[in-house]
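Notes follow once the structure below has been shown.
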């Protein structure tokens, strides 16, 4: 069955960087829009970044200029490069693959920004 597996989360100091990865299996990866979401404790899950099948990108205002989403169709993997991290970026980060009539989520990876 379809699997999305996130990795790369962890504890980082304010101002630091992390690179998240999401490896997909059992899907035609290149035709899917891939997205990163995040959910902080007690808050709703919000979209962070999206990249379409033709590599058009969009970002939440809170992360513009700091985060970069990219994809490698040969590796069935989407990435989220996170720079200049802030404590308010602390959340569980989820990968999502979607196209009409199809929608898949990963299990999430914790990112904690703290000194």
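In this note's numbering, the protein residues as written are 2 to 116. By construction, the Cβ of each residue, glycine as well, lies at the ideal position given by its N, Cα and C atoms. Keep in mind it's a predicted model, so treat the numbers as computed, not measured.
Check	Outcome
The beta strand (DSSP E) enclosing residue 45, as first and last residue numbers	That residue, residue 45, is in no beta strand (DSSP E); it is neither H nor E in DSSP.
In DSSP terms, what residue 71 is bridged to	80
Nearest-angstrom Cα separation, counted from residue 77 out to residue 86	26 Å
8 Å Cβ cutoff met for residue 39 and residue 92	yes
With 16 other Cβ atoms within 10 Å as the buried cut-off, status of residue 90	buried
Reduced DSSP category for residue 22 - H, G, I as helix; E, B as strand; rest coil	strand
Bridge partner(s) assigned by DSSP for residue 113	12
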